[in-house]
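This report refers to the structure that appears directly beneath it.
In the numbering used here, the protein residues as written are 370 to 624.
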């Protein structure tokens, strides 16, 4: 490097994406990929004795509590393939529950788990089974989000939905229905790269890089208004998860 070259520490992918969105403290992000990730910027250092929430620092002096689920878009796509359906071919109704823990699960902490199907009846349709897979995956994500957010976080703040799954209508509507919150889908792509660019701009100008990203309006996008939270479905999934715990905790092949 030549004398006077500015050097910055950089950031990991999630911290860079948070920077690319110009996140303010308390704004939750759900990243829908092969696995699911939830995080929010916080001014308080995370303290989770269970280890579910990773106490990462963000890229600008705050904290980025983060939790992951293992089964997100890949697991739901697998269920769709088994049913011979397009991933958007969901149907409402029915009371079937599907926990899509096809590769074990991280949140909740069930490393030996496999998928669980409960409530199958003669009138259950393939589309309802697929919707149940979405519901099971989003239930896990929202449970992780509850652990990530500060206790005093405003539960009416829109969820930012990013990642490959965020473009899918079934994912959008399932998150909206089960969270009961407004959902925003940012139009900007390559948020990690945008975060790196905002950080570089901040180093050059001395400006807060998150403010740079906000000036670029990177979080702008379609907003889905809040609907009434589907508490009945969440309670049903939680009940099946609790009842199935002995099976889910058992190692494969154990007696």
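Glycine residues also receive a C-beta, built at the ideal position from the N, C-alpha and C atoms. In this text the structure is predicted, and so the values were computed from the model without any measurement.
{"Asked": "Taking the CB atoms as reference points, tell me whether residue 388 and residue 573 lie closer together than 8 Å.", "Found": "no"}
{"Asked": "CB-CB under 6 Å to residue 485, same chain, minus the five flanking residues each way: which ones, in chain order?", "Found": "468, 613"}
{"Asked": "By DSSP, does residue 622 sit in helix, in strand, or in coil?", "Found": "Residue placement at residue 622 is flagged as unreliable, the pLDDT there being 49, under the threshold of 50; the coordinate-derived value follows with that caveat. Here residue 622 sits in coil by DSSP."}
{"Asked": "Rounded to the nearest angstrom, how far is the Cβ of residue 465 from that of residue 456, given a contact under 8 Å?", "Found": "Contact doesn't hold; Cβ gap of about 18 Å is too wide."}
{"Asked": "With a 10 Å radius around its C-beta and 16 neighbouring C-beta atoms as the bar for buried, classify residue 392 as buried or exposed.", "Found": "buried"}
{"Asked": "If you scan the stretch 533-619 from start to end, which runs of the beta strand (DSSP E) of 3 or more residues do you find wholly inside it?", "Found": "552-555, 590-593"}
{"Asked": "Pick helix, strand or coil for residue 459, following the three-state DSSP scheme.", "Found": "coil"}
{"Asked": "Over the uninterrupted beta strand (DSSP E) stretch that includes residue 406, give me the two end residues.", "Found": "405-408"}
{"Asked": "Skipping 5 residues on each side, what residues in its chain have a beta carbon closer than 6 Å to that of residue 493?", "Found": "463, 465"}
{"Asked": "Could you work out which residue in 396, 580, 540, 406 is closest to residue 382 when comparing CA atoms only?", "Found": "406"}
{"Asked": "If you drop the 5 nearest sequence neighbours on each side, which residues of the same chain put their C-beta closer than 6 Å to that of residue 624?", "Found": "Reliability fails at residue 624, whose pLDDT of 39 lies under 50, so the model's placement of it is uncertain and the value that follows must be treated cautiously. Closer than 6 Å at the Cβ level, and outside the excluded window around residue 624, lies no residue."}
{"Asked": "Put residue 438 into one of helix, strand or coil per three-state DSSP.", "Found": "strand"}
{"Asked": "For residue 516, which residues in the same chain have their Cβ closer than 7 Å to its Cβ, ignoring the five residues on either side in sequence?", "Found": "417, 421, 422, 436"}
{"Asked": "Between the C-alpha atoms of residue 622 and residue 386, what's the straight-line distance to the nearest angstrom?", "Found": "With a pLDDT of 49 at residue 622, under the threshold of 50, the predicted position of this residue should be treated as unreliable, though the coordinate-derived value follows. Looking at the two C-alpha atoms, the distance is approximately 40 Å."}
{"Asked": "Exposed or buried, which one is residue 625 when buried takes at least 16 other CB atoms within 10 Å?", "Found": "Only positions 370 to 624 of the chain appear in the structure, and residue 625 is not among them; the question remains open."}
{"Asked": "Should the stretch 426-433 be regarded as contacting the stretch 476-491, the criterion being three or more beta carbon pairs within less than 8 Å?", "Found": "no"}
{"Asked": "In this structure, how does DSSP classify residue 501 when only helix, strand and coil are distinguished?", "Found": "helix"}
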